[in-house]
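Count along the sequence shown starting at 1, add 12, and that's the number in the working numbering.
Where a beta carbon is used, it is the ideal one built from N, C-alpha and C, also for glycine.
These numbers come from a predicted model, not from an experiment.
Taking it in order: structure first as structure tokens, then the write-up.
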Amino acid sequence: VIAMLACLAFGAGAAEWTAAEPAVASEQAARSLLLDVDRAGPRLVAVGHWGHVVLSDDGGNSWRQANSVPTRVTLTALHFVDEREGWIVGHDAVILHTTDGGDTWALQHRAPELETPLFSLWFENARHGLAVGAYGLALRTRNGGESWERFHIDEEKDLHMNQVFAAADGTLLIAAESGTV
13 VIAMLACLAF GAGAAEWTAA EPAVASEQAA RSLLLDVDRA GPRLVAVGHW
63 GHVVLSDDGG NSWRQANSVP TRVTLTALHF VDEREGWIVG HDAVILHTTD
113 GGDTWALQHR APELETPLFS LWFENARHGL AVGAYGLALR TRNGGESWER
163 FHIDEEKDLH MNQVFAAADG TLLIAAESGT V
């Protein structure tokens, strides 16, 4: 019901909408539910509900919607390795990639049949990255996202992995449910 109402609010009938369709342009995108923000050089990039990606080039005083986002699923996290190149993860195991500081995005991975969101991602550099999510879902790339390999971090438990990050000494940590790190 909520999806139907939101589709109607954005001008699409419920029967017309699929998660594989691009995000709808909305003047309210910067006021919608936003779940993460990162820096792309001096630019701020934020992601959230309905595939919204918003950009600020003035320290957050004003925001505009990204030109091209190829999905309407909820986007949960993003990570930039420099001012141009970054990735976004979200529901349906979606992974998006940009090479222009967030103005346009390309789909690198999508697996709606898993019915599993990705919650966090981390890149060591522009080639090596890791994305983690619900029910133990973990994906890694060694080629900048041209391909993503699924693997298990802990095969005994399918914990929700909520955040992946590097400690000051370079140790990679994943904060998971039940107080697990």
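Shortest alpha-carbon distance to V106 belongs to which of S190, E33 and T183?
The option with the nearest alpha carbon to V106 is E33.
Between the beta-carbon of G113 and the beta-carbon of L87, is there less than 9 angstroms?
No.
So, with DSSP's three-state summary, where would you put G182?
Coil at G182, not helix or strand.
Taking the alpha-carbon positions, what's the L171 to G148 distance?
Just so you know, the alpha carbons of L171 and G148 end up roughly 5 angstroms apart.
Just list the beta strand (DSSP E) runs in the segment 56-132, keeping only unbroken ones of 3 residues or longer that don't cross its boundaries, in chain order.
Here the runs fully enclosed are 65-68, 87-92, 98-102, 106-110 and 118-121.
Tell me whether the beta-carbon of L67 lies closer than 9 angstroms to the beta-carbon of W99.
Not closer than 9 angstroms, so no.
Is it buried or exposed, F177, if we count other Cβ atoms within 10 angstroms and call 16 or more buried?
F177 comes out exposed.
When you compare only the Cα positions, how much space is there between A123 and L130?
CA-to-CA, the gap between A123 and L130 works out to about 10 angstroms.
So what's G191 in DSSP terms, helix, strand or just coil?
It is helical.
Contact under 9 angstroms by Cβ, V59 with L46
The answer is yes: Cβ separation under 9 angstroms.
Compute the Euclidean distance between the alpha carbons of R76 and V144, then round it to the nearest angstrom.
Across the structure, R76 and V144 are spaced so that their CA atoms are roughly 28 angstroms apart.
Let's see if you can read the secondary structure: which residues bound the beta strand (DSSP E) around D166?
No beta strand (DSSP E) contains D166, which DSSP labels as neither H nor E.
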